[in-house]
Amino acid sequence: MGDYVELERDEEHASLVEDAQPSHYPTDSSTSYEQFDVDDLEVVDATPEAVDARLTRASVRTIALNTWLYMATPMSMPATVAHAGATWTGVFFTYSAMSTYWTGRVLGWAFLADPTCTTYAKMTSKAVARLIVRRGGDEGIASRWEPRVEMATLCLQFVTYYLDATVQIVYIAQYFGQTFTGWKMCGASWAFFIGALSLPIVQIPTIHDSGKVVLLPCASVIITLSVFFGEIFSTRPWEKCDPGPTYGKIVTSGTIFSSLGNFAYGFGGHGLYPEELREMKNPEDWAKVLNLTYGTMVPIYVLVMYFGYKAYGDFAKGNINLNFPKNAANIVSMMMQSVQCYYGVFFTNIALMMRIETSLGVDPTQAWTVVTKYGVTPQVFRFVFRTAFLATEVLIAAIFLAVSGDVILDLQSLVGAIGMTAMTFFLPSIIHYAFNMNERSSIAERMWVVTNFIMGLFIMFSGLYGSLDRLFGSKYENQCPARYVYSPADPADPCYVSGIRY
Numbered sequence: 001m002g003d004y005v006e007l008e009r010d011e012e013h014a015s016l017v018e019d020a021q022p023s024h025y026p027t028d029s030s031t032s033y034e035q036f037d038v039d040d041l042e043v044v045d046a047t048p049e050a051v052d053a054r055l056t057r058a059s060v061r062t063i064a065l066n067t068w069l070y071m072a073t074p075m076s077m078p079a080t081v082a083h084a085g086a087t088w089t090g091v092f093f094t095y096s097a098m099s100t101y102w103t104g105r106v107l108g109w110a111f112l113a114d115p116t117c118t119t120y121a122k123m124t125s126k127a128v129a130r131l132i133v134r135r136g137g138d139e140g141i142a143s144r145w146e147p148r149v150e151m152a153t154l155c156l157q158f159v160t161y162y163l164d165a166t167v168q169i170v171y172i173a174q175y176f177g178q179t180f181t182g183w184k185m186c187g188a189s190w191a192f193f194i195g196a197l198s199l200p201i202v203q204i205p206t207i208h209d210s211g212k213v214v215l216l217p218c219a220s221v222i223i224t225l226s227v228f229f230g231e232i233f234s235t236r237p238w239e240k241c242d243p244g245p246t247y248g249k250i251v252t253s254g255t256i257f258s259s260l261g262n263f264a265y266g267f268g269g270h271g272l273y274p275e276e277l278r279e280m281k282n283p284e285d286w287a288k289v290l291n292l293t294y295g296t297m298v299p300i301y302v303l304v305m306y307f308g309y310k311a312y313g314d315f316a317k318g319n320i321n322l323n324f325p326k327n328a329a330n331i332v333s334m335m336m337q338s339v340q341c342y343y344g345v346f347f348t349n350i351a352l353m354m355r356i357e358t359s360l361g362v363d364p365t366q367a368w369t370v371v372t373k374y375g376v377t378p379q380v381f382r383f384v385f386r387t388a389f390l391a392t393e394v395l396i397a398a399i400f401l402a403v404s405g406d407v408i409l410d411l412q413s414l415v416g417a418i419g420m421t422a423m424t425f426f427l428p429s430i431i432h433y434a435f436n437m438n439e440r441s442s443i444a445e446r447m448w449v450v451t452n453f454i455m456g457l458f459i460m461f462s463g464l465y466g467s468l469d470r471l472f473g474s475k476y477e478n479q480c481p482a483r484y485v486y487s488p489a490d491p492a493d494p495c496y497v498s499g500i501r502y
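Going by full-length UniProt numbering, the sequence shown runs without a break in its numbering and finishes at 502.
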């Protein structure tokens with residue numbers, strides 16, 4: 001009895017499912033799996049289309065806070081300036097801010113044009129199918145290519161956000177190691193400890209359900225920024241420290257290209273935008289989400305880059321807290337960033353886990369009232385599956401933590417280069433051309449789309465080269481316990497000679 005069975009829904013149930021669907025979702029009566037209650041045999045459609053229809057819709061506030069929180073990675077920006085140089089940073093940052101805002105709007109327009117594009121993979125595959133037909137191709141050819149493109153995009157999305165969740169675990173492990181120095185633990189041991197702490201957060205079923213807790217990590221970002229500026233202005237290394245910060249070190253093609261991936265990471269998140277649009281009460285309000293996100297985060301990035309690089313120069317680290325002295329404020333900052341990254345483990349995983357669960361016929365909107373074909377309730381299946389999924393990420397994070405070098409910056413660049421560049425830059429150009437452009441589109445618009453496509457490819461491959469070059473240049477180093485050097489203890493620190501003076 002605890003199994004999925006092929007059942008034809010009666011007219012009453014079909015009408016209930018149709019009534020439950022928002023107006024921007026089509027009713028799809030096709031059913032490959034059905035889920036039912038053991039006691040009263042209530043039929044529950046477990047196909048992806050039906051699951052989409054049953055998702056509780058999120059407000060603009062919840063979606064905007066999640067989008068803002070995912071983009072909020074300002075603490076690594078000073079090190080990005082040091083790696084690329086001030087001139088290249090200005091060029092890359094300006095282009096990235098303008099381009100990614102536009103591509104974010106593009107994904108919203110495409111969703112409104114075709115609300116069945118409920119995932120990034122589906123949106124991309126439909127765009128390619130449209131292009132094939134528009135360019136004179138046969139509809140049969142388009143229909144054959146559509147599932148192939150969807151699978152390829154899904155794999156790209158999976159690798160990108162899977163690695164990004166690993167980055168979040170690495171961040172937390174380093175913050176815990178820096179904070180609790182009395183606990184003599186290896187970096188890998190911290191990773192396994194963080195994995196255990198992350199189990200509850202990854203059990204949140206959907207993005208809508210995150211609205212109950214998202215304010216806490218957002219507040220932690222504000223506190224972290226306050227500590228950042230407090231540490232800098234209380235020390236003022238450019239005035240009070242000896243030997244003082246140095247600027248303008250020789251940059252290489254590898255470091256410049258690596259910074260491209262970091263900017264793609266800093267403005268990333270687009271790969272989850274269709275999934276967020278799917279859960280919005282009013283997708284037509286998507287512009288409000290982007291205006292709030294970019295209108296606040298871009299100025300924050302500029303201020304952090306300017307003052308962080310001014311304070312620490314070429315010694316600015318990807319883990320900026322190592323540029324601070326080990327004081328109470330720094331510890332508070334690391335704990336607040338741990339909260340943000342802790343939530344990031346959930347947000348980077350949620351689309352991946354939901355996609356796999358629904359493809360296996362398990363409805364993430366259900367809990368204890370039904371039984372899956374695996375003989376357990378969706379809640380039990382979710383716990384077992386998501387625990388195993390998280391465990392693989394923890395294992396990879398433990399491996400990265402055993403590598404010397406500024407692994408945070410290199411990992412971010414790798415994640416940005418692999419998939420965020422594609423989903424943030426050049427794939428939206430294809431989507432825009434397919435969904436929003438026609439023969440009346442201006443030459444300027446066509447040139448912008450082509451430029452954005454070419455730049456996206458360049459950023460992707462150059463960033464991949466730069467990040468892999470730096471990662472392979474690192475070496476395995478047994479760090480048991482993990483060791484961290486704070487300002488001004490490092491001889492290369494701007495305040496090494498004078499010490500910290502408040």
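Ideal Cβ positions, reconstructed from N, Cα and C, are used throughout, including at glycine.
All values derive from a computational prediction rather than experimental measurement.
Roughly how many whole angstroms lie between the Cα atoms of residue i and residue j?
i, j, result
"V5", "W68", "Reliability of the predicted coordinates at V5 is poor, the pLDDT of 36 falling under 50, and the value obtained from them is presented with this limitation in mind. Near 42 angstroms, if we compare the C-alpha coordinates of W68 and V5."
"Q366", "V214", "22 angstroms"
"E231", "E357", "45 angstroms"
"N436", "T293", "23 angstroms"
"W109", "W183", "51 angstroms"
"T103", "V167", "24 angstroms"
"I396", "F383", "20 angstroms"
"E393", "E284", "35 angstroms"
"V159", "V370", "32 angstroms"
"F400", "L427", "29 angstroms"
"D114", "E150", "16 angstroms"
"C341", "R135", "44 angstroms"
"A328", "P74", "21 angstroms"
"T372", "D363", "9 angstroms"
"V332", "T224", "8 angstroms"
"V221", "F233", "18 angstroms"
"I201", "G177", "21 angstroms"
"R355", "G295", "31 angstroms"
"E34", "T377", "Because E34 sits at a pLDDT of 45, beneath the cut-off of 50, its placement in the model cannot be relied upon, and the point is left open."
"S259", "P78", "11 angstroms"
"F346", "I172", "13 angstroms"
Can you check which of these residues, the options, is closest to residue i by C-alpha distance?
i, options, result
"M334", "F180, L277, N436, V345", "F180"
"M423", "S442, E445, V497, M460", "M460"
"V415", "Y265, G375, A434, I63", "Y265"
"L65", "G195, A79, K288", "K288"
"V106", "S234, P488, W448", "W448"
"G269", "M420, M185, A97, S487", "M420"
"P274", "D138, I399, S143, T153", "T153"
"C495", "I430, S441, G313, V332", "G313"
"I500", "E445, S253, A311, I132", "A311"
"M455", "Y433, P364, S429, R440", "S429"
"T451", "A79, S99, Y161", "S99"
"M71", "I194, P245, N262, K326", "N262"
"Y486", "Y161, G85, S338, I320", "I320"
"V380", "A391, W368, F389", "W368"
"A97", "T235, M297, G318, G248", "M297"
Bridge partners for residue i per DSSP, in chain order?
i, result
"M280", "A58"
Are there 16 or more other CB atoms within 10 angstroms of the CB of residue i, so buried, or fewer, so exposed?
i, result
"R130", "buried"
"I141", "exposed"
"P217", "buried"
"T87", "exposed"
"P280", "Contrary to the premise, residue 280 reads as Met rather than Pro in this sequence. So M280 ends up on the buried side."
"F90", "It is worth fixing the name first, because residue 90 is Gly in this sequence and not Phe. So G90 ends up on the exposed side."
"N291", "exposed"
"S253", "exposed"
"N282", "exposed"
"L277", "buried"
"Y502", "exposed"
"I443", "exposed"
"C241", "buried"
"R144", "exposed"
"I63", "buried"
"I250", "exposed"
"E146", "buried"
"D40", "Below a pLDDT of 50, predicted positions are generally treated as unreliable, and D40, at 45, falls in that range; no measurement from the model is reported."
"L197", "exposed"
"T124", "buried"
Do residue i and the ligand ADP come close, with the Cβ less than 7 angstroms from some heavy atom?
i, result
"Y273", "Among the components of this structure there are no ligands whatsoever, and the ligand ADP is therefore not found."
Which runs of the beta strand (DSSP E) spanning at least 3 residues fall entirely within the stretch 326-408, listed in chain order? none
Entirely enclosed alpha helix (DSSP H) segments - the stretch 115-201, minimum 4 residues: 120-134, 139-179, 187-198
In chain order, which alpha helix (DSSP H) runs of at least 4 residues are fully inside the stretch 201-276? 215-235, 237-240, 253-266
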